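A.B. asks:
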Amino acid sequence: MTYPRLRPLGDTALSVEFGERIDAALNARARALSYDLAQNPITGVVDVVPTYRAVLVSYDPHVIRGATLETALNERLRAPLGAPENAPQSGALWHVPVVYGAETGCDLAPLARDKGLSEQALIALHCSVEYRVYMIGFAPGFAYLGGLPEQLHAPRLATPRQWVPAGAIGIGGQQASINSVAGPSGWRYIGQTPWRSFDPDRARPFLFAAGDRIRFIPVSAREGQDIAARAAMPDAPLPEPQP
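Note that UniProt numbering has the sequence shown beginning at 1, numbered continuously upward.
1) With H, G and I counted as helix, E and B as strand and the rest as coil, what does DSSP make of Asp226?
2) Mark Ala135 as exposed unless 16 or more other C-beta atoms lie within 10 angstroms of its C-beta, in which case mark it buried.
3) Does the region 123-131 touch the region 195-205, meaning 3 or more C-beta pairs lie closer than 8 Å?
4) Thinking just about the alpha-carbon of each residue, which of Asn74, Val16 and Thr2 is nearest to the one in Val57?
5) Would the beta-carbon of Tyr52 fall within 8 Å of that of Asn74?
6) Alpha carbon to alpha carbon, how far is Arg213 from Gly146?
7) Does DSSP put Arg213 in a helix, a strand or coil?
8) What is the C-beta distance between Ala182 and Pro165, in whole angstroms, given that I count them as a contact (C-beta under 8 Å)?
9) Is it right to say Val99 is buried, meaning 16 or more other beta carbons lie within 10 angstroms of its own, or is it exposed?
10) When you compare each of Glu20, His95 and Gly10 to Thr2 by their alpha carbons, which one comes out closest?
Spelled out as structure tokens, the structure:
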């Protein structure tokens, strides 16, 4: 099959696909096209959402027809503007505090046993790498992360939990995640961040964006409570990425 390829999604959206796998190079191309469309918009396009290996392009059919948009996108893909080097390669770097274990991180102990590690060794391994935010999806602000050490890969639960709190730090297959809102999930959870990655009442509702980088920093339960308390104060400043 030849890529990139365009697929219609109903009469108001197109998907521009760059491949079928989780791959940093494919994700870079998806982010590059998304960036290019944001910098050089096509009239009638109302939203652009980059994913792991594709870009969702939503449009107003009263302004631009699907066939016309396909032509415009194909022209864009043939031009150098669609190359990965035109998108920022290194997004913001966030040092995300995590309280490991406890109630939210209820999978920490069993996962450590399954992997033949102590809990502290598993935490150290989880914190030892820099993750990439491949996409935001599933729920508002939910961050899908690539870069999880292979030793920590773990299948999802056979029976999903019906409620997992916002801020939960998860593992699902070869991916890691940061939950943005409370809800059901079959991922394995090893901790919780006191940061709010999504808040619809903020001027900037989403904290993270596709292309950002994440490093997890372990903190104590008390430190986590203090951070959460400060974040809940009126006019509390947002966490800032590293320079």
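Glycine is no exception: its CB is placed at the ideal position from the N, C-alpha and C atoms.
All of these numbers come straight from a predicted model, not from anything done at the bench.
C.D. replies: Result, derived from the coordinates:
1) Here residue 226 refers to the residue found at position 226 when the sequence shown is read from its first residue. Note: Asp226 maps to helix in three-state DSSP.
2) Residue mapping note: residue 135 aligns to position 135 of the sequence shown, counting from 1. Note that residue 135 is Met in the sequence shown here, rather than Ala. It counts as buried.
3) With the cut-off at 8 Å, the region 195-205 and the region 123-131 do not touch.
4) In the sequence shown, counting from the first residue as 1, residue 57 sits at position 57. Cα-wise, what sits closest to Val57 is Val16.
5) Start at 1 with the first residue of the sequence shown, and residue 52 comes out as number 52. Start at 1 with the first residue of the sequence shown, and residue 74 comes out as number 74. Contact: no.
6) Counted from its first residue, the sequence shown places residue 213 at position 213. Counted from its first residue, the sequence shown places residue 146 at position 146. Distance between the alpha carbons of Arg213 and Gly146 is about 10 Å.
7) Locating residue 213 in the sequence shown gives position 213, counting from the first residue. Here Arg213 sits in strand by DSSP.
8) For the purposes of this step, residue 182 is taken as residue 182 along the sequence shown, with counting starting at 1. For the purposes of this step, residue 165 is taken as residue 165 along the sequence shown, with counting starting at 1. Contact flag correct, Cβ pair sits at about 5 Å.
9) Against the sequence shown, residue 99 aligns to sequence position 99. Val99 is buried by the Cβ-count criterion.
10) The count along the sequence shown starts at 1 and reaches residue 2 at position 2. Here the closest residue by C-alpha is Glu20.
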